[in-house]
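To start, the structure itself, in structure tokens.
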Amino acid sequence: MRFFLFITISVVARNVNSQTILPSFSAVHNQKSVDWTPSNVTSSGWVDASDSESYTASGTTLTGVTDKSGVSSLEVNGTPTIISGGLNGLNVFDFSGTSENIMNNISGGYVPHTDGSGNHWAIGIFLADNVDNKRDSFWSLETNSSPVRDYSVSSSTSSNSWPGELDLDGLANNRISSTIGNSDDWSASASIDNWHIVVAIFNKTGNRVQVRLNGDYVVNVSDYDNSIQTNQQLRLMRNRGSVHLDGRLAEFISVKDIPGTGGTDISDVEKAEGYLAHKWGLTGNLPVSHPYKSSAPTN
Numbered sequence: 027m028r029f030f031l032f033i034t035i036s037v038v039a040r041n042v043n044s045q046t047i048l049p050s051f052s053a054v055h056n057q058k059s060v061d062w063t064p065s066n067v068t069s070s071g072w073v074d075a076s077d078s079e080s081y082t083a084s085g086t087t088l089t090g091v092t093d094k095s096g097v098s099s100l101e102v103n104g105t106p107t108i109i110s111g112g113l114n115g116l117n118v119f120d121f122s123g124t125s126e127n128i129m130n131n132i133s134g135g136y137v138p139h140t141d142g143s144g145n146h147w148a149i150g151i152f153l154a155d156n157v158d159n160k161r162d163s164f165w166s167l168e169t170n171s172s173p174v175r176d177y178s179v180s181s182s183t184s185s186n187s188w189p190g191e192l193d194l195d196g197l198a199n200n201r202i203s204s205t206i207g208n209s210d211d212w213s214a215s216a217s218i219d220n221w222h223i224v225v226a227i228f229n230k231t232g233n234r235v236q237v238r239l240n241g242d243y244v245v246n247v248s249d250y251d252n253s254i255q256t257n258q259q260l261r262l263m264r265n266r267g268s269v270h271l272d273g274r275l276a277e278f279i280s281v282k283d284i285p286g287t288g289g290t291d292i293s294d295v296e297k298a299e300g301y302l303a304h305k306w307g308l309t310g311n312l313p314v315s316h317p318y319k320s321s322a323p324t325n
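Residue numbers (this note's numbering): 27 to 325.
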């Protein structure tokens, strides 16, 4: 009888103890969501002027930049400067338009900027200060592979304005988009001397080539015939040649993946737009219908 009583008490005690280590339903249910960041996508380049630990300087002159994606090596050309508190209290980079840029290291700068199937998108916050060449570009990807299928996001005019165009290849056949051809004009302009959220999307899965300005489409073509090359050299504030933009850069992310969950979905792009808008104080740029107009994206 004593032996039976001891076993019963031991089993009850174990059950009580095991219950005490189980998390309550309310604790699990009330866990806080985590803010979305570019670390949540497969980035192939990430430059962030607000993160002073990711670049080096001599006084206010920018001397080196680290790719926060960890994918590639970046080099700073010329003497761009750091503007303290240039946007929403955060630092930005300023480029004079005279041979100043940030780009993938020229000695080994052709790195994968697509997923190998042509899927790629890139987003950044830019300000054009002065436009004097129709090839002035916020950014470009330049390939050393054949056929030469790459792109740039350009002004399309030299008259100190930004009507905007997406420049593609100059091939005679097997083009990126037979509908677009050499280039496609934006349906809306970016104002000079103002900050803008700009996105380029090459969605092979959904057969789309698109550009978005402040959360709205300015290029939207359902014709992505032949993939841009996988290995590309990223050039910020420089076109695929030697034209440099006079302007400013806050943050830029290049992604080697589809823009969302599949097909024509662009939910990851929308999250990136929301992340940048809330971080940099540009929610006023987004349309009322944008899913992250009022609150930053979470996971």
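Each residue gets a CB set at the ideal place from its N, CA and C atoms; glycine is no exception.
Model, not experiment: these values are computed from the prediction.
Please state whether the Cβ-Cβ distance between residue i and residue j is less than 7 Å.
{"i": "N117", "j": "G307", "result": "no"}
{"i": "V295", "j": "V225", "result": "yes"}
{"i": "G286", "j": "S280", "result": "no"}
{"i": "W147", "j": "I206", "result": "no"}
{"i": "E299", "j": "G241", "result": "yes"}
{"i": "W165", "j": "L271", "result": "no"}
{"i": "D251", "j": "S204", "result": "yes"}
{"i": "D155", "j": "G273", "result": "yes"}
Just mark residue i as buried or exposed, buried being the case when its beta carbon has 16 or more other beta carbons within 10 Å.
{"i": "N265", "result": "buried"}
{"i": "S70", "result": "buried"}
{"i": "G150", "result": "buried"}
{"i": "F51", "result": "Only weak support is given to the placement of F51: the predicted model assigns it a pLDDT of 41, under 50, and the question is left unresolved by the model."}
{"i": "A214", "result": "exposed"}
{"i": "N137", "result": "Here residue 137 is Val; the residue named in the question, Asn, does not match the sequence. Buried is the call here."}
{"i": "D211", "result": "exposed"}
{"i": "S185", "result": "exposed"}
{"i": "G142", "result": "exposed"}
{"i": "D93", "result": "buried"}
Looking only at DSSP bridge pairs, what is residue i linked to?
{"i": "L262", "result": "I128 and W165"}
{"i": "I151", "result": "I223 and E277"}
{"i": "I109", "result": "V118"}
{"i": "S76", "result": "For S76, which the question treats as bridged, DSSP gives no partner whatsoever."}
{"i": "N229", "result": "R234"}
{"i": "P138", "result": "N257"}
{"i": "N103", "result": "N127"}
{"i": "L239", "result": "V224 and D242"}
How many angstroms separate the CA atom of residue i from the CA atom of residue j?
{"i": "N325", "j": "D120", "result": "32 Å"}
{"i": "T87", "j": "E126", "result": "11 Å"}
{"i": "P173", "j": "L197", "result": "8 Å"}
{"i": "I108", "j": "G85", "result": "9 Å"}
{"i": "I132", "j": "R238", "result": "29 Å"}
{"i": "Q259", "j": "G134", "result": "9 Å"}
{"i": "P49", "j": "T63", "result": "Note on P49: pLDDT 46, under 50, position unreliable in the model; no value is reported."}
{"i": "G96", "j": "E168", "result": "20 Å"}
{"i": "D249", "j": "S209", "result": "13 Å"}
{"i": "S182", "j": "W221", "result": "18 Å"}
{"i": "Y301", "j": "A322", "result": "6 Å"}
{"i": "H316", "j": "I223", "result": "13 Å"}
{"i": "D283", "j": "N66", "result": "12 Å"}
{"i": "D195", "j": "Q255", "result": "11 Å"}
{"i": "F152", "j": "N199", "result": "33 Å"}
{"i": "E101", "j": "N170", "result": "18 Å"}
Roughly how far, in whole angstroms, is the beta-carbon of residue i from the beta-carbon of residue j, given that I think they are within contact range, below 8 Å?
{"i": "R161", "j": "I202", "result": "The pair is not a contact, with the Cβ atoms about 18 Å apart (cut-off 8 Å)."}
{"i": "N159", "j": "V91", "result": "Actually they do not touch by this definition, with Cβ atoms about 24 Å apart."}
{"i": "G111", "j": "S253", "result": "G111 to S253, Cβ: 41 Å. No contact."}
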